[in-house]
Structures are given as structure tokens and as C-alpha cells.
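The sequence shown begins at 51 in this note's numbering and counts up one residue at a time. Notes to accompany the following structure.
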Amino acid sequence: MISQAQTPRIALINTLARLSESAQQRAAQNDDTLDLARPKFKRVFLPGIAEDMRAMPNYIARSSIFAPVRRGHRVTHDDAVFLRSDRVLIKGSGKQLAEDHADIWMQAMYLQMTCASGEQPVINRADFLRSLGRNTSGASYQWLHDGMKDLARFTLSIEATRANGTLKYSYGHHPASRVLPMLGGFDYDDENQSYRLYVDPRWAQIFSNREFTLIDWSKRLSMRYELSKSLQRLIGTSKDPEQRYSLQILKERAHYAGRLRDFRPALERALDELAELGLIGSPRVETSTRGVQQAVWFRVNEPQ
């Protein structure tokens with residue numbers, strides 16, 4: 051028999067239960083609404099992208115967003131400038147991304163670009179690792195998961211203009227525009243050991259108008275040096291057959307903290323590897339007429 055003293059307590063418990071159930075129903079409705087309202091990625095046709103080719107927007111490839119740094123030696127950026135020119139400004143926040151992050155990102159973008167419009171790619175994590183030339187050990191699974199998180203946490207503010215000065219696009223620079231995540235997010239299904247990837251649909255505009263460089267995937271995966279991977283991305287952003295870059299600019303782009311004279315041997319090894327792979331010809335380091343050390347090479351393949 052319930053005493054009068056217990057009655058208010060039971061009434062309170064029942065009220066809390068009803069409130070909890072109501073809150074759960076509203077949350078479920080909100081989740082459904084958010085899912086319906088989530089912008090969908092519209093498929094973009096990128097000429098040249100294929101099983102053995104990946105792509106990266108030229109502005110991203112030229113910048114130092116990705117760099118040949120080790121994961122244990124990455125600084126954290128807060129609205130740092132990664133590329134500034136007359137036609138583009140890119141700032142970013144998050145832990146410095148390495149070249150292996152670039153591999154994950156390009157593969158994720160390839161899968162998004164090649165699936166139907168409005169759909170998110172669902173990937174088996176073992177297959178994804180194999181596509182990156184990685185083994186399927188426990189350490190590799192953790193490496194992939196950490197890399198996904200790093201990409202999802204890294205955000206960009208990017209503004210680009212056309213040659214005539216008109217605005218091409220602007221994301222994250224103004225209060226009315228959200229920052230752009232490198233990876234919009236992901237859901238992991240432990241039972242199926244798979245990821246569902248979410249790519250911000252605004253990336254489609256950044257890839258548009260053939261403003262991207264193609265990356266020979268098999269050659270990239272065979273590279274021994276991370277600096278080679280970094281330079282491979284840079285080479286494809288220019289139509290010039292002969293390309294020249296000062297060693298100081300290349301050093302800063304690589305986030306190399308040591309002395310310039312110590313950077314040069316690493317650069318020469320990377321250039322030799324790129325030449326061996328047939329991506330450049332006649333690489334050399336020389337002194338310009340202004341007395342500046344510069345790297346010079348000829349691009350073997352014309353931009354696609």
C-alpha cells in the first residue's frame with residue numbers, strides 16, 4: 051500500500067519520465083529534420099580522375115596545409131595563413147596536416163566524386179587502407195581513425211577572386227559564411243568495420259573549372275620521401291614546362307624548421323626521386339642572377 055508521503059515522489063518520477071520521453075521524441079524529430087536539411091554533395095565530373103589518378107584543388111596543393119612533417123611534431127594553428135596572393139587567401143585552424151593526411155583526403159574525395167549525387171560514400175576500412183598502400187594491422191586502423199579525426203577538426207577560411215577582380219567564392223571569412231572543414235565528418239560502424247564519410251558540398255565549387263591538379267596515384271604510393279609527395283602536388287599546379295622555386299619558399303612550404311643548408315640535401319633527394327619516377331626532368335639547385343638559391347626542373351607531363 052502506497053503511503054501519502056510517497057505519492058508526491060511517485061508523481062514527480064512519472065512527470066520526469068514523461069518529460070524525458072517527450073525530449074527524446076523531439077530530439078529524434080530534430081535529427082530527422084537536420085538530416086533532410088543537410089546539404090547534399092552534387093557530383094562533379096573531373097576530367098582525368100580515374101582509378102590511378104587522384105585530384106587536389108590547385109590552391110590547396112600550392113599551400114602548406116599539407117606538409118612533409120611527422121605526426122609527433124605537428125604544431126596547432128589558429129587562423130594561420132597558409133596561402134596569400136593577389137587572387138586567394140587561405141587561413142586554417144587545427145593541427146598541422148601531414149602528407150599521409152593528404153593521401154587520406156584525396157582518396158576520400160575520389161570516393162565522393164565517383165559516387166552518385168546526394169550520396170555519402172561508405173567505405174570498408176580495410177579496403178580503404180589497401181587503397182593507400184597500407185597494411186591492415188591494428189596500428190594501421192588506429193592511424194586511419196586518427197587521420198580522419200584530424201581532417202574533420204581542421205577548418206579553412208578561403209576566399210578567391212577571378213582575374214577581373216570579381217569574387218569567385220568566399221567561405222569562413224565573414225560572419226555569414228561557415229568555415230570549411232577538410233572533412234565534414236564521418237560515422238563509424240563497428241559491426242561492419244566501415245565508415246560513412248561526409249564531405250562539405252562547397253568543395254565541389256573549389257574543384258570546378260578545372261582548377262585542380264591530377265596526382266599519379268601509383269607513383270605517389272611508391273615514393274620513399276614525404277618531401278617528394280609534397281613537391282608532386284606543387285608541380286601539377288603550374289602549366290609552365292620549366293619551374294623555378296627559391297629554396298627558402300620550398301623550405302617554408304614544407305614547414306622545415308632547420309637551416310636552409312640542411313634542407314638542401316633533403317630537397318635534392320626528393321628531386322632525384324621525382325626524376326626517377328618520370329615526373330620531372332633535369333632537376334638541379336642553382337643560384338639565380340639575384341644570388342638566391344633556387345630549385346629548377348622541367349615538368350615532364352603537360353597538365354591535363
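We put the beta carbon where it would ideally sit given N, CA and C, even for glycine. Being a predicted model, the structure only gives us computed values, none of them experimental.
Legend entry - Residue from K269, L201, F204 with nearest C-alpha to E326: Your numbering for residue 326 matches position 276 in the sequence shown. Among K269, L201, F204, the Cα nearest to that of E326 is on K269.
Legend entry - Of the residues W347, D200, R137, F132, the one placed nearest H151, counting alpha carbons only: Here residue 151 is taken as the residue at index 101 of the sequence shown, counted from 1. Comparing Cα positions, the closest option is D200.
Legend entry - Touch test, the stretch 304-322 against the stretch 180-189, Cβ-Cβ under 8 Å, three pairs minimum: With the rule of 3 Cβ pairs closer than 8 Å, the stretch 304-322 does not count as touching the stretch 180-189.
Legend entry - Reference I99; option with closest CA among T126, F91, M156: Looking up residue 99 in the sequence shown gives position 49. Looking at the Cα atoms, M156 is the closest of the given residues.
Inset, instruction - Would you identify the three-state DSSP class for P315, choosing helix, strand or coil? - result: Reading the sequence shown from its first residue, position 265 is the one you call residue 315. Reduced to three states, the DSSP call for P315 is helix.
Legend entry - From K141, S258, D196, residue whose alpha carbon lies closest to that of S223: Within the sequence shown, the letter at position 173 stands for residue 223. Checking the sequence, you will find His at residue 223 rather than Ser. Comparing Cα positions, the closest option is K141.
Inset, instruction - Return helix, strand or coil for M273, following the three-state DSSP convention. - result: The residue given as residue 273 occupies position 223 in the sequence shown. M273: coil per DSSP, three-state reduction.
Inset, instruction - Within the same chain, show all residues whose beta-carbon is closer than 6 Å to that of K90, passing over the 5 residues directly before and after it, in chain order. - result: Taking the first residue of the sequence shown as 1, we reach residue 90 at position 40. Correct list, in chain order: G168.
Inset, instruction - Could you check which residue in M163, I208, R349, D153 has the C-alpha nearest to that of P291? - result: To locate residue 291, count along the sequence shown from 1; it is residue 241. Closest by alpha carbon: R349.
Inset, instruction - Tell me whether A87 sits in a helix, a strand or coil according to DSSP, three-state version. - result: Here residue 87 corresponds to residue number 37 of the sequence shown, with the count starting at 1. Reliability of the predicted coordinates at A87 is poor, the pLDDT of 49 falling under 50, and the value obtained from them is presented with this limitation in mind. Three-state DSSP puts A87 in a helix.
Inset, instruction - Out of D250, L297, F236, E209, point me to the one whose CA is closest to D136's CA. - result: Locating residue 136 in the sequence shown gives position 86, where the first residue counts as 1. For the residues D250, L297, F236, E209, the minimum Cα distance to D136 belongs to E209.
Inset, instruction - Consult DSSP for Q343 and reduce its assignment to one of helix, strand or coil. - result: Here the question's residue 343 lines up with position 293 in the sequence shown. Three-state result, Q343: strand.
Inset, instruction - Examine the Cβ distances between the stretch 171-181 and the stretch 302-314 and report whether three or more of them are shorter than 8 Å. - result: no
Inset, instruction - Run the CB neighbour count on A78, radius 10 Å, all protein chains shown included, and call it buried at 16 or more, exposed below. - result: Along the sequence shown, one-based indexing puts residue 78 at 28. Confidence at A78 is low in this model, with a pLDDT of 47, below 50, so its placement is unreliable and the value that follows should be read with caution. By the neighbour-count rule (16 or more Cβ atoms within 10 Å), A78 is not buried but exposed.
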